[in-house]
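Numbering (my numbering), first residue to last: 7 to 400.
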């Protein structure tokens with residue numbers, strides 16, 4: 007018996023040590039360090055490394071020999087006593103930034119920074135330079151909404167699928183009905199993208215608290231119809247994220263979309279009218295928003311296209327993509343929606359958007375157009391969301 011008790015005590019000690027292991031080995035290097043002048047210093051302890059670089063959207067743009075901007079932006083770090091350091095040459099403007107290190111050709115995350123987000127297969131460390139518009143990306147002392155991961159049945163896809171749903175502060179007790187924004191992600195993204203990469207939760211909380219946006223429900227679906235949920239969060243297990251997914255822009259998601267609207271109307275206190283529904287999305291999500299809104303013109307009174315893809319892929323003859331001229335005519339008819347288009351001047355989809363706007367212009371259809379610097383990047387999409395929200399449901 008004494009021997010058994012000793013073994014039990016040793017096992018308990020080992021379990022406790024294992025449970026507490028995260029308390030040890032805490033990094034002592036500060037990185038990133040946001041300096042008083044809004045420059046940022048990065049540090050990495052790598053005494054055996056030959057070359058260390060930092061890469062990310064926090065670095066100055068560099069032009070190539072033909073005048074084009076070089077992406078990704080990379081800067082060499084300098085080494086002293088095994089610690090590699092780089093400080094940005096000038097103050098950074100208010101924004102949420104992402105970065106990584108490259109050690110002897112291998113890209114790694116910053117071991118001193120626990121704030122990290124995933125975009126498809128890439129993970130990056132992040133930090134925020136406060137002030138200006140970046141303050142709405144922060145968690146501020148305002149009433150907070152609730153973010154839920156909700157499963158719904160999709161008969162047309164023959165599976166249960168997951169949504170991210172934001173309900174505004176006070177929803178649980180107000181008894182009121184709310185307008186709904188359906189907010190769609192880009193290719194390779196999922197139902198987590200807008201709440202994590204896009205800071206949608208913080209943007210909504212802050213704009214609603216400031217009285218700049220109406221309290222609303224925001225539904226963030228998974229636009230990849232072959233997936234139940236985000237990678238690693240469905241029954242297919244810990245599969246690698248990828249943009250090479252079938253059935254993404256060939257009509258299936260668009261044709262099944264009313265199931266999502268019906269589910270939300272049945273399970274949430276919604277205002278079930280066209281003027282109280284909006285749909286918007288980035289890239290592939292902008293493509294879906296364009297075609298869903300013209301396919302169901304009585305469903306959405308507000309449409310936002312953020313760096314939207316325009317042209318169908320895979321199955322251009324799918325019913326949702328055909329007869330576009332007549333569908334647009336009906337959509338922009340008597341009860342035309344608020345139609346909002348935003349894109350970066352360096353976006354690879356710029357020309358497609360320009361051609362689409364020419365079609366709208368030729369018919370005299372009214373829309374709002376916003377052009378920003380930069381390309382196909384989350385920085386622009388967060389800005390677009392923050393400008394689009396205050397226009398809704400007025």
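Glycine residues also receive a C-beta, built at the ideal position from the N, C-alpha and C atoms.
Look at the alpha carbon of residue i and the alpha carbon of residue j, and state the distance between them as a whole number of angstroms.
i           : j           : result
residue 282 : residue 247 : 34 Å
residue 194 : residue 228 : 10 Å
residue 240 : residue 230 : 13 Å
residue 374 : residue 235 : 33 Å
residue 215 : residue 264 : 31 Å
residue 346 : residue 309 : 6 Å
residue 138 : residue 328 : 44 Å
residue 252 : residue 232 : 7 Å
residue 238 : residue 123 : 15 Å
residue 385 : residue 303 : 30 Å
residue 180 : residue 112 : 52 Å
residue 255 : residue 207 : 27 Å
residue 357 : residue 389 : 21 Å
residue 242 : residue 400 : 42 Å
Excluding the 5 residues preceding and the 5 following residue i in the sequence, name in chain order all residues of the same chain whose CB lies nearer than 8 Å to its CB.
i           : result
residue 352 : 75, 379, 380, 381
residue 126 : 194, 195, 247, 248, 249
residue 223 : 171, 172, 173, 174, 177, 184, 185, 186, 187, 270, 274, 276
residue 151 : 172, 173, 174, 175, 177, 207, 210, 211, 214
Measuring alpha carbon to alpha carbon, tell me which residue in the options is nearest residue i.
i           : options            : result
residue 280 : 159, 147, 66, 344  : 344
residue 198 : 155, 178, 185, 209 : 155
residue 209 : 266, 149, 243, 255 : 149
residue 131 : 260, 357, 106, 55  : 106
residue 284 : 391, 368, 41       : 391
residue 89  : 377, 53, 320, 179  : 53
residue 203 : 104, 377, 319      : 104
residue 56  : 357, 274, 339, 108 : 108
residue 41  : 95, 238, 221, 86   : 95
residue 350 : 340, 323, 383      : 383
residue 260 : 290, 341, 326      : 326
residue 128 : 356, 316, 62       : 62
residue 321 : 354, 257, 306      : 257
residue 368 : 348, 65, 331       : 331
residue 50  : 165, 110, 323      : 110
For residue i, which residues of its own chain have a beta-carbon under 6 Å away from its beta-carbon, when the five flanking residues on both sides are left out?
i           : result
residue 92  : 48, 60, 81, 83
residue 395 : 213, 219
residue 300 : 333, 334, 337
residue 288 : 192, 312, 313, 387
residue 38  : 46, 48, 133
residue 196 : 228, 236
residue 371 : 338
I need the DSSP call for residue i, collapsed to helix, strand or coil.
i           : result
residue 391 : helix
residue 227 : strand
residue 89  : strand
residue 244 : coil
residue 110 : coil
residue 385 : helix
residue 312 : strand
residue 165 : strand
residue 365 : helix
residue 136 : coil
residue 16  : Because residue 16 carries a pLDDT of 41, less than 50, the predicted location of this residue cannot be relied on, and the following value inherits that uncertainty. Residue 16: helix per DSSP, three-state reduction.
residue 48  : strand
For residue i, collect the residues of the same chain with a Cβ closer than 7 Å to its Cβ; drop the 5 residues on either side in sequence, then sort them by chain order.
i           : result
residue 140 : 100, 101, 102, 134
residue 170 : 153, 155, 197, 198, 201, 226
residue 43  : 97
residue 16  : Interpretation of residue 16 is limited by its pLDDT of 41, a score under 50 that renders its predicted location unreliable; no figure is taken from the coordinates.
residue 277 : 183, 184, 185
residue 294 : 190, 229, 259, 260, 287
residue 401 : Residue 401 lies beyond the residue range present for the chain, which begins at 7 and ends at 400; the question has no answer from this structure.
Against chain C, with Cβ distances strictly below 8 Å, would residue i count as a contact?
i           : result
residue 204 : The chain labelled as chain C is not found in the depicted structure, where only one protein chain is given.
Is any non-hydrogen atom of the ligand GDP found closer than 7 Å to the C-beta of residue i, if you look at the structure I gave you?
i           : result
residue 101 : For the structure depicted, the ligand GDP is absent and the ligand set is empty, with no information on it obtainable.
* To do: Say whether the segment 155–164 touches the segment 134–146, bearing in mind that this needs 3 or more beta-carbon pairs closer than 8 Å, one atom from each stretch.
  => no
* Asked: Would you call the segment 362–376 and the segment 112–127 in contact, with 3 or more CB pairs under 8 Å?
  -> no
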